[in-house]
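Q: Before anything else, here's the structure in question.
Chains as they are written, first to last, in this note's numbering: chain E, 1 to 614; chain V, 615 to 753; chain F, 754 to 1054.
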């Protein structure tokens, strides 16, 4: 194995060196443009794409070079078990990737840590692991696509979506799935690496481990396919709700502007003052409040997920950056690199050494604007001139902010899980006072079920127009118009239920229909990894939901049909008993995607067997 | 007891198999006196290397030569050119002679020499082979 | 364990193409076995199946007595394989690759390696990519022979080599064939090489075995007849053992397999005038077999 590793590593030695130096040069260049540890999100996205794409391609090409013609016989025909040959090749590939990815980052971060006063946390170092695991995952998908005869192996890259997309709630949730996925991919590679690459692996556990992620990836493919047979034809016929809004649906509001929306939401209202409000809205200034849920940072989270790098008060050279290791804001001068002290929960402190545990923040604050720090329950205001830290606002007991403070022209909005709080911008900007909200409006539904809030500024307060496809419960679209009066008295003007739906049920609940189990697994995984994100539905809730009856029927029929089709396909492919049972279960459980996965994981042409058999 | 190298050439693409070419070649050299009685033939391996052919082919040729009585093995020493003696039956010899003559006649038939001239030439050639006319007689 | 190579009803189908068709062959221990066949006759497929890098559609292949689908590292260590490209890691130096290779083979014979490599002018510090074709072939053969394999499969090893390199290759091969007790499977298009080295001649055509005998015995099987046919030649399919026929200036040159002198009588009965039997050489005999089912244009045109 070591000999294979040595030979293979020798092959890519020069390329590894070039890649390492090129990445280091790119980092050095980037460090000149902006603080190195706070690359713009677009750049991070591009670098992920290069990282993942490069590793995938490398893995694929590395194995392809061995697979070509005589090279394969040369590689496998030696007194070594195939697994050991693969271990050698994979080790060489992994070492090359580790060099190219970990080394430049380590050099940069260690350099910044050693030679500047910029805050460098443990998480900046552990970020190497994140990048490395992502790259190695992509690499193993690349090698697998070259080694496994299945035409769908590359779909296993979907694993990366599951690893990179959520913001895990702790380090275990961050790294354990990565290790698990790499383990699965490595095992799949090892069993795929056999002298005859053209034969499909038939061991049931291999089928399951490959078919599951492949089916998951295929649900997205199937969802995209609706474009072909649903969206595109309707667009062509001019009946698609996007270009031809359907009156009577809550989404019709999107096509309306300004006061027309209020008009529409008040349609059929028996409120005597409905016309009055519609007229008032025509004169009103419009704005909006977002209810989309935002996951607050967690201690030790990936530094690329930080919303803002540091507070940099204008007119000074001060940079105040939050240290996850210290749980304090650490200040320094960007000119002299001199430390400026720290900010703890109880205010400014002369230096790091003076901080006690009581000073340390208990939650990681997110920086807002030039002088606010927001945690899920408290908004702090920093007065740099006077070296003071004041509590600007505290969420009502038992409530927490679901997203960041929203600064608008006429108001500042804080949205908690129960209320919308509107503040006078002046009250927020006041240097000393604790801000008291002018309006406190209770949500008519949970924030996640409110797709948006339109606000209309009236003479005596605000008109709030809530809407959502699930506003009155699952699949029960509605809109609510609330008049919030200055002084706290809120009146619901109208609630409107919409019985007409924009899309038929099978489009609205497409994922649930084509594979209820995968939908459930997906949500179960995501809500376990990132429980604070309510966009992911807890499986408990998914099960108790009431879908339209047609969806239950359709998904049940699809599941049975899929089981039967896979069963039939297994017979046609002369698969063994264990494989047939495995596939039939997968077909029945995962439904339609499993059928496609079967086709991708088996030869398309069924070989005619001779009378004497194999 | 001298050891000599064999000067034969083999030709691929000939209608005669290689082992036959070796047999013919060595027989000719013995007949011409290039290989004296008592001369040691090259080893199987040596000749195979020299001619760049499979050793088994040489071995086959040697066993044919041994069968014809042209060479004889000496225990642990190798093959040596033997005293001339005939191991072939009279019938076989007659047959070989006929084959040789018919091939020869075929070759010379179209030449513008009369039969006397041709017989004379053949006679001279046979006399040149040292004592050759006698070898056809058995001792 | 009786045979080096043993196949029974071996069949391999690639899509609609039948690369090997009910191929049954046994090769015993020892000697040089030449395999001849035109391109696409199934030689490469046979080797791929024997080495287990492809799976037969039906039938079985055994290498040193072990099913080719379950070759153990131990068996692989006893079978050398040299292909026409002389695949070696291009990025390694000759010296590195030799020690790399040696580490896998406990029975590595440095003596053989040194004497074989001596036939070639290989700079040990040169990378494989920088070696000439002949040097690469020499390095590859040296390593394959130094592994002291029980069975060595050479798949057109002299393809593309110049005269000098080919000569060195043959010399080196013959040198070790006598030394070690290695069975050699030699696949080549060079009839001259085969004539020189082969103990056994195996002929493959269209995935089927056509001959497995010594080259001399094979030549015996083929006879070459020249006959005057005032009328047309009988239907080809009705001529016994028919291989090929050409019309050269009114005379038919006919090659047939497995026919005695009675064939002359047959020709005469079929209307031939003068009939003569000619000797045939190996190359012609082999070619007649290989081109049997190919359409040869009449030279009458």
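Where is the CB? At the ideal position from N, CA and C, for every residue including glycine.
Note that the structure is predicted; figures quoted are calculated from it, not measured.
Just mark residue 34/E as buried or exposed, buried being the case when its beta carbon has 16 or more other beta carbons within 10 Å.
A: Answer is exposed; the Cβ neighbour count stays below 16.
Q: Would you call residue 78/E buried or exposed, if buried means 16 or more other Cβ atoms sit within 10 Å of its Cβ?
A: Residue 78/E comes out buried.
Q: If we call anything under 8 Å between Cβ atoms a contact, is residue 266/E one with residue 450/E?
A: No.
Q: Run through chain F and tell me which residues come within less than 9 Å of residue 595/V, C-beta to C-beta.
A: Missing from the structure shown is residue 595/V; chain V here goes from 615 to 753 and no further.
Q: Which of the residues in the segment 826-853 of chain F, read from start to end, lie with their CB under 7 Å from any CB of chain E?
A: The segment 826-853 of chain F vs chain E, Cβ under 7 Å: 826, 827, 829, 830, 834, 836, 838, 840, 842, 844, 845, 853.
Q: Can you round the beta-carbon distance between residue 761/F and residue 812/F to whole angstroms, since I take them to be within the 8 Å contact cut?
A: Indeed, because the Cβ distance is near 6 Å, the residues count as touching under 8 Å.
Q: Could you give the DSSP three-state label for residue 610/E: helix, strand or coil?
A: Model confidence at residue 610/E stands at a pLDDT of 41, short of 50, so the residue's coordinates are unreliable and nothing is read from them.
Q: If distances are taken between C-alpha atoms only, which option among 57/E, 154/E, 121/E, 196/E comes closest to residue 824/F?
A: Ranking the options by Cα distance to residue 824/F, first place goes to 196/E.
Q: For residue 796/F and residue 937/F, I'd like the C-alpha separation in whole angstroms.
A: Spanning the two alpha carbons is a distance of roughly 15 Å.
Q: Determine whether the Cβ of residue 603/E lies closer than 8 Å to any Cβ atom of chain F.
A: No - not a single Cβ of chain F is within 8 Å of the one on residue 603/E.
Q: Looking at chain E, is there any beta carbon in it that lies within less than 8 Å of the beta carbon of residue 783/F?
A: Taking Cβ atoms only, chain E never reaches closer than 8 Å to residue 783/F, which makes this a no.
Q: From residue 109/E to residue 382/E, what distance separates their C-alpha atoms?
A: So the two alpha carbons sit approximately 29 Å from each other.
Q: Pick helix, strand or coil for residue 687/V, following the three-state DSSP scheme.
A: Three-state result, residue 687/V: strand.
Q: One question on the structure: do residue 301/E and residue 123/E come within less than 8 Å of each other, judged by their Cβ atoms?
A: Closer than 8 Å, so yes.
Q: My understanding is that residue 371/E touches residue 311/E, with C-beta atoms under 8 Å, so please give their C-beta distance in whole angstroms.
A: Between residue 311/E and residue 371/E the Cβ distance is about 6 Å, and since that is below 8 Å, they are a contact.
Q: Taking the DSSP output, what are the residues bridged to residue 764/F?
A: Bridge partners of residue 764/F: 811/F.
Q: Of all Cβ atoms in chain F, is any one closer than 8 Å to the Cβ of residue 752/V?
A: Because residue 752/V sits at a pLDDT of 41, beneath the cut-off of 50, its placement in the model cannot be relied upon, and the following sentence gives the value as read from the coordinates. No, no contact with chain F.
Q: Pairing CB atoms from the segment 685-693 of chain V with CB atoms from the segment 962-969 of chain F, are three or more of them under 8 Å?
A: Too few Cβ pairs lie closer than 8 Å, so no.
Q: Throw me the rounded Cβ distance for the residue 567/E and residue 582/E pair, which I believe falls under 8 Å.
A: Between residue 582/E and residue 567/E the Cβ distance is about 11 Å, and since that is not below 8 Å, they are no contact.
Q: Would you mind sorting residue 351/E into buried or exposed? The rule is 16 or more other CB atoms within 10 Å of its CB.
A: Residue 351/E is exposed by the Cβ-count criterion.
Q: Which bits of chain V does residue 1030/F rub up against, with CB to CB less than 9 Å?
A: Per Cβ cutoff of 9 Å: no residues; residue 1030/F is ~12 Å from chain V at best.
Q: Which value, in whole angstroms, describes the spacing of the CA atoms of residue 866/F and residue 929/F?
A: Straight-line Cα distance between these residues: approximately 10 Å.
Q: How far does the alpha helix (DSSP H) with residue 339/E in it reach, from first residue to last?
A: Looking at the DSSP string, residue 339/E is not in any alpha helix (DSSP H); the run it does join, the beta strand (DSSP E), is 339-344.
Q: Are the C-beta of residue 1009/F and some C-beta of chain C separated by less than 8 Å?
A: Checking the listed chains, one finds no chain C in this structure; the protein chains it contains are E, V and F.
Q: Compare the C-alpha of residue 290/E against each of 154/E, 22/E, 403/E, 558/E and name the closest.
A: Residue 290/E has its Cα closest to that of 403/E, out of 154/E, 22/E, 403/E, 558/E.
Q: Compute the Euclidean distance between the alpha carbons of residue 464/E and residue 569/E, then round it to the nearest angstrom.
A: Roughly 57 Å separates the two Cα atoms.
Q: At the level of alpha carbons, what is the spacing between residue 271/E and residue 281/E?
A: For residue 271/E and residue 281/E, the distance between alpha carbons rounds to 16 Å.
Q: Chain V beta carbons: is any one of them nearer than 8 Å to that of residue 909/F?
A: So, not an interface residue.
Q: CB residue 725/F to CB residue 972/F, shorter than 8 Å?
A: Nothing about residue 725/F can be reported from this structure: the residues present for chain F run from 754 to 1054 only.
Q: Just mark residue 737/V as buried or exposed, buried being the case when its beta carbon has 16 or more other beta carbons within 10 Å.
A: Burial call: exposed.
Q: In three-state terms, what does DSSP make of residue 472/E?
A: Three-state result, residue 472/E: coil.
Q: Assess contact between the segment 162-175 of chain E and the segment 126-144 of chain E, defined as three or more Cβ pairs (one per stretch) separated by less than 8 Å. Is contact present?
A: Segments in contact, yes.
Q: In the segment 75-93 of chain E, which residues sit with their C-beta less than 7 Å from some C-beta in chain F, listed in chain order?
A: Answer in chain order: 76, 77, 78, 79, 80, 81.
Q: Leaving out the 5 sequence neighbours to the left and right, which residues in its chain are closer than 7 Å to residue 340/E when beta-carbon positions are compared?
A: So the qualifying residues of the chain are 318, 331, 332, 333.
Q: Please go through the same chain and pick out, in chain order, the residues whose beta-carbon is closer than 6 Å to the beta-carbon of residue 767/F, but skip the five residues on each side of it.
A: Cβ neighbours of residue 767/F beyond the five flanking positions: none.
Q: Residue 1054/F CB to nearest chain E CB: under 8 Å?
A: For residue 1054/F, the predicted structure reports a pLDDT of 31, less than 50, and the residue's modelled location is therefore unreliable. A value from the coordinates is still provided. With 8 Å as the cut-off, residue 1054/F does not count as an interface residue toward chain E.
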